Structures are given as structure tokens and as C-alpha cells.
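In terms of the numbering used here, the sequence shown opens at residue 119 and continues consecutively. C-beta atoms are modelled at their ideal positions from N, C-alpha and C, and glycine is treated no differently. Only a predicted model underlies this, so the values are computations on that prediction, with no experimental measurement involved.
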Amino acid sequence: MDQQTKFKTALAALAASAETKDRKLTKADVKEFLEDMDLGEEQMKLVYAYLASKHIHVEGAELPKVEDTPYSQEEQEFLKQYEKDRKAFRQCAEEEKAGLFAKAADGDVQAKHRLAEHYMNWVLEIAEDYAHRGMMIQDLIQEGNIGLLIGLDTLGLMEEGLTSEEHLEKEIRHAIRSALDEQEGEKSTGDEITEKLNKMADAISELTEDLGRQVSPDELSLYLDMSLEEIEDLLRIAGETIEVADSPKA
């Protein structure tokens, strides 16, 4: 096995391992999978960047600096207002936390509210780890806040061995990554539909030129090896931008 294939195989195995750990790895985990690769510091940063693109978080990993990727005007305005708003968030004293977590685990609504207010600043910090990956920062924060509330509601069910804060971070990151995954899936579906529309438009042009007349959906179905139902769905999406002849009535 050549080095490039070996490297790709190791990366795939690493990504698969991350799936079993809620997509959260340590730098030691990464080094263990890539110990035979002899990678330099800059190469490791690229590995971390690859994992980040898969929404896999590596604790303490230093990513390559992203140049010229400022927040949009809308995001900047949101963050400016958010910065003002979060000054009003009440913070818990360190000695309060253990008692509040215990009460929240027992379902105390006031304790959950105090902890939610305290950790909202943390949500912003975590959301910024996922910025510039297809979702606006305000949407990432919103998803993170949902994860925070889920985490507070499930303190009594948290995984053995985790601290309360680790449990909250896990749920915040999980909520954000799930939203990013969902958006990526929607984007892939949109890209696939666009590709089919373009393919159909090309087929219509070719057949119209060859036949000297408008083609019917049935002819497109046969020509493109697609079901008539799919052709009709695509034509509905295209609306008036694509014209075809009516299908002959049975």
C-alpha cells in the first residue's frame, strides 16, 4: 500500500472512530491513528482542518489560519447586539455551580434557568468554532442554545464519566453539528436537482433540434432513462423556464 493510500485509509478510520465518540477527539487520538505517517506540524494542522470540515472537533487542535473570512455585515451587526445583550447575563459563582447542577438534575426549573444564563457566553465561544462552514453565526448560536437546554434537561441521564460541564459541551456541539449536517444534506439535494434540471434542459435542446418540434415528457423519460413521474416533477420545478409538448393522452 503506497503512502497516499495508507494516509487516506488512516483518515477514514479516524473519522469512523470519531463517529463513535460523538465526533470529539483528542490530539492523542489523532496521533495514534497517524503515528506511522511522520507528519510535520503544518501537515497536522491540515489534518485537523480536514476533520473540522467533517464537523469533528479535536480538543486543543490548532487549525490553519483562515484569511479574509470576516463575518458578513448581518453577522457583525448581530454579534454587536449580542455582545451588548450578554452583559446582562448573570454569571454563577464557582461555588454555586455544584449545587445548581444537582438541583437541575433533579428537575429544578430555576436552577436550569440560572445555569442556562451562565453558559450562554460559552455557547458563543463554541459556535465560533463552527463559523464560516455554511451557517450564519446567529443560527449556530441558536442551535447551540437549543443544545444547552437539552443538556440541562438531560443532566440526570448524562454519560457515566462525564462532568456536568462536559455533558453540556457535548450537547451544544452535537446540536450545532446536527444542524450543519442537515444543511449540507439539503444543499446536496439541491445540487442534485440542479444537475438533473440542467441535464433535462440539454436533452430538450438536443431533441428539439433533431426532431424539429417540441418534445413530450414521455420522450424525455425514454431519452434520459428517468421515470415519467420524475420528469414531470422536474418540469414543475422549472416552471415556465422550460417548455415541452403535452404528453399524448391514453
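Secondary structure of residue i, DSSP reduced to three states
| i | result |
| --- | --- |
| H175 | strand |
| M138 | Checking the sequence shown, residue 138 turns out to be Thr, not Met. DSSP places T138 in coil when its eight states are reduced to three. |
| L267 | helix |
| L218 | helix |
| L143 | strand |
| H231 | helix |
| P335 | helix |
| Q209 | coil |
| S345 | coil |
| A368 | Legend: pLDDT at A368 = 48, less than 50; position of this residue unreliable, value from coordinates given subsequently. Coil at A368, not helix or strand. |
| D224 | coil |
| A249 | coil |
| S190 | coil |
Among the options, nearest to residue i - alpha-carbon criterion
| i | options | result |
| --- | --- | --- |
| A321 | L342, A133, D336 | L342 |
| E246 | E235, H236, E261 | E261 |
Proximity below 7 angstroms, CB of residue i to CB of residue j
| i | j | result |
| --- | --- | --- |
| I290 | L266 | yes |
| I349 | L338 | yes |
| H173 | L286 | no |
| L293 | I264 | One point to set straight first is that residue 293 is Ala, not Leu, in the sequence displayed. Closer than 7 angstroms, so yes. |
| E177 | K163 | no |
| L273 | M318 | no |
CA-to-CA distance, residue j to residue i, given in whole angstroms
| i | j | result |
| --- | --- | --- |
| G158 | D147 | 16 angstroms |
| L218 | L270 | 11 angstroms |
| A223 | L233 | 11 angstroms |
| S190 | V241 | 20 angstroms |
| L197 | L132 | 35 angstroms |
| E192 | D257 | 12 angstroms |
| D328 | P335 | 16 angstroms |
| E300 | A356 | 24 angstroms |
| E213 | Y237 | 15 angstroms |
| K230 | T123 | 49 angstroms |
| Q161 | K126 | 14 angstroms |
- Answer yes if the stretch 277-291 comes into contact with the stretch 153-168, meaning at least three C-beta pairs across the two stretches below 8 angstroms, and no otherwise. no
- Message: For the structure I just gave you, are there three or more beta carbon pairs, one from the stretch 134-150 and one from the stretch 164-177, closer than 8 angstroms?
- Response: yes
- Query: With contact counted as at least three CB pairs below 8 angstroms, one residue from each stretch, are the stretch 247-258 and the stretch 208-220 in contact?
  - Reply: no
- the stretch 308-318 in contact with the stretch 333-349 per 3-pair CB rule at 8 angstroms: yes
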